[in-house]
Amino acid sequence: MQQKPIGIFDSGVGGLTVLKEIAKLLPNEDLIYLGDTARVPYGIRSAETVVKYSIECAAFLFRKQIKMLVIACNTSSSLSLEVLKKRLPIPVIGVIEPGVRAALKTTKNEKIGIIGTEATIQSEAYTKKIKSLNPKIVVISKACPLFVPLVEEGILEGIITDLVVERYLKDFKNSGIDTLILGCTHYPLLKRAIQKYMDGIKLVDSAEEIAQETKLILSNNGLINTKSDSGSQIFYVTDAPDRFKKIGEIFLNHEIKNIFKILLEGEK
Ligand code: DGL
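Add 40 to a position in the sequence shown, counting from 1, and you land on the number used in the working numbering.
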């Protein structure tokens, strides 16, 4: 079981921010990544559709004999974590709880901001989790739909990015929050632009937190891979491997090899 890979899925390329952190922290683990690029974005879809797509992604990875599943997508984690936990006989984790725990450790004044896709913000998954752990926390949240296409186009800094950041984050500026959760896979790539505007505010990147959580769960379950050579990385996408490779290499900062196009159950 220890030799088996970890499965990671996202609606597209964004979950590579999570894969990158897991690979950094657990360099000997074999990783299988699935990006549902034919059906991205999940963030503008109904809860029912996101759950359906997530079940299909999880089923595909489970057939690859994974020992643990990491839902890298915030939208999918918000809406389908409980369903997938019930369906799979292996540990399943999502990005919401690790992000929330990090934010609770970070905030001093108990005022936290959350940004994410429409579906993530509408689900209130982050707010509910925060309130369940500390009902006194004041939470302000906002959907920032243009951030995903900006990142996918590689427009990470400059005038356009600054204007979009200002448009979405204006309300947070004088709200008194001291911590902002980047509740979407793509947002860590906009960290510099967001930090410049939200000067003095601590940004919480759930990718780093979920990597820590993955390590903890593997070690609690005796599932850490003890081999000494570096882990492999295999990538599956449901559409346009070339585009995934091009954008993915910006995310990972290294070449993507071993990429395969597949069809998920619902696409057949
Ligand atoms: N991966 C999604 C998330 O983290 C962002 C892209 C999408 O909308 O599918 O919420």
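Even for Gly, the Cβ is constructed at its ideal location relative to N, Cα and C.
9 Å Cβ cutoff met for residue i and residue j
| i | j | result |
| --- | --- | --- |
| Gly-54 | Val-191 | yes |
| Val-135 | Ser-117 | yes |
| Ile-250 | Ile-133 | yes |
| Ile-299 | Tyr-276 | yes |
| Glu-158 | Pro-185 | yes |
| Tyr-73 | Ile-48 | yes |
| Lys-182 | Ile-200 | no |
| Leu-292 | Leu-59 | yes |
| Ala-78 | Ser-246 | no |
| Thr-278 | Ile-46 | no |
| Gly-288 | Leu-56 | yes |
| Ile-95 | Val-123 | yes |
Presumed contact (8 Å Cβ cut-off) between residue i and residue j, rounded CB distance
| i | j | result |
| --- | --- | --- |
| Cys-224 | Val-188 | 7 Å |
| Leu-295 | Glu-61 | It should be pointed out that residue 295 corresponds to Glu in this sequence rather than to Leu. Contact flag wrong, Cβ pair sits at about 18 Å. |
| Val-90 | Thr-115 | 6 Å |
| Leu-222 | Val-244 | 7 Å |
| Thr-147 | Asp-218 | 6 Å |
| Leu-109 | Leu-121 | Not a contact, Cβ separation roughly 10 Å. |
Per DSSP, the bridge partner or partners of residue i
| i | result |
| --- | --- |
| Phe-275 | Tyr-73 and Ile-299 |
| Ser-181 | Ile-154 |
| Val-244 | Ile-221 |
| Ile-133 | Val-110 |
| Asp-239 | According to DSSP, Asp-239 bridges with nothing at all. |
| Ile-200 | DSSP, once it has assigned bridges, lists no residue as partnering Ile-200. |
| Phe-100 | Paired residue(s): none; Phe-100 is not in a bridge. |
| Asp-50 | Gly-75 |
Among the options, the one whose alpha carbon lies nearest that of residue i
| i | options | result |
| --- | --- | --- |
| Tyr-166 | Pro-138, Arg-85, Gly-240 and Glu-150 | Pro-138 |
| Lys-107 | Tyr-82, Asp-70, Leu-119 and Ser-94 | Asp-70 |
| Glu-197 | Ile-111, Ile-234, Pro-175 and Val-80 | Ile-234 |
| Glu-150 | Thr-157, Leu-173 and Leu-292 | Leu-173 |
| Cys-113 | Lys-104, Asn-265, Ala-98 and Arg-127 | Ala-98 |
| Leu-119 | Ala-87, Tyr-93 and Ile-302 | Ala-87 |
| Ile-195 | Asp-282, Lys-64, Ala-78 and His-226 | His-226 |
| Leu-258 | Lys-125, Lys-92, Ile-111 and Pro-131 | Pro-131 |
| Arg-103 | Ser-246, Asn-214, Leu-128 and Gly-52 | Leu-128 |
| Glu-206 | Gly-216, Lys-236, Glu-193 and Ile-177 | Lys-236 |
Beta carbon proximity, residue i to chain E, threshold 9 Å
| i | result |
| --- | --- |
| Ile-155 | In the structure shown, chain E does not exist; there is a single protein chain. |
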